[in-house]
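First comes the structure, then the notes that go with it.
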Amino acid sequence: LAVGIHTLATRTLAGIPAPIYFGAIIDTTCLKWGYNTCGGKGACRIYNTSAYRVFYLGLTLGLRAVSFFFCIW
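With this note's numbering applied, the sequence shown corresponds to residues 97 to 169, in that order.
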């Protein structure tokens with residue numbers, strides 16, 4: 097039962113929202129957006145690689161720090 101609750105909590109708190117906030121971080125580093133045929137925003141053409149590296153690793157470090165804090169608490 098404990099393993100099931102742990103798996104449910106892990107998937108709910110980590111697996112579902114992770115693509116949302118990692119995608120938002122990746123989108124903030126875009127320098128040039130492409131456009132769809134209907135005029136809407138499409139895929140990113142050029143990324144700021146320095147900002148991408150800092151934001152991506154910073155988010156990962158922040159999430160691991162929070163996880164580490166809860167593990168020792």
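Built from N, CA and C at the ideal position, the CB exists for glycine as well.
Computed from a predicted structure; not experimentally measured.
Exercise. Three-state secondary structure (DSSP) at Gly130?
Worked result: Residue mapping note: residue 130 aligns to position 34 of the sequence shown, counting from 1. It is a strand residue.
Exercise. Should Thr106 be listed as close to the ligand MG, given that the test is whether its C-beta is under 7 Å from any heavy atom?
Worked result: Among the components modelled here there is no ligand, and therefore nothing to report on the ligand MG.
Problem set entry | Alpha carbon of Ala98 to alpha carbon of Thr108, nearest angstrom | Locating residue 98 in the sequence shown gives position 2, counting from the first residue. Locating residue 108 in the sequence shown gives position 12, counting from the first residue. Their backbone Cα atoms lie some 15 Å apart in a straight line.
For this session: Using beta-carbon positions only, say whether Gly130 and Ala139 come within less than 8 Å of one another.
Result: Here residue 130 refers to the residue found at position 34 of the sequence shown. Here residue 139 refers to the residue found at position 43 of the sequence shown. In contact: Gly130 and Ala139 (Cβ atoms closer than 8 Å).
For this session: Determine the contact status of Tyr143 and Thr125, defining contact as a CB-CB distance below 8 Å.
Result: Locating residue 143 in the sequence shown gives position 47, counting from the first residue. Locating residue 125 in the sequence shown gives position 29, counting from the first residue. Yes, they are a contact pair.
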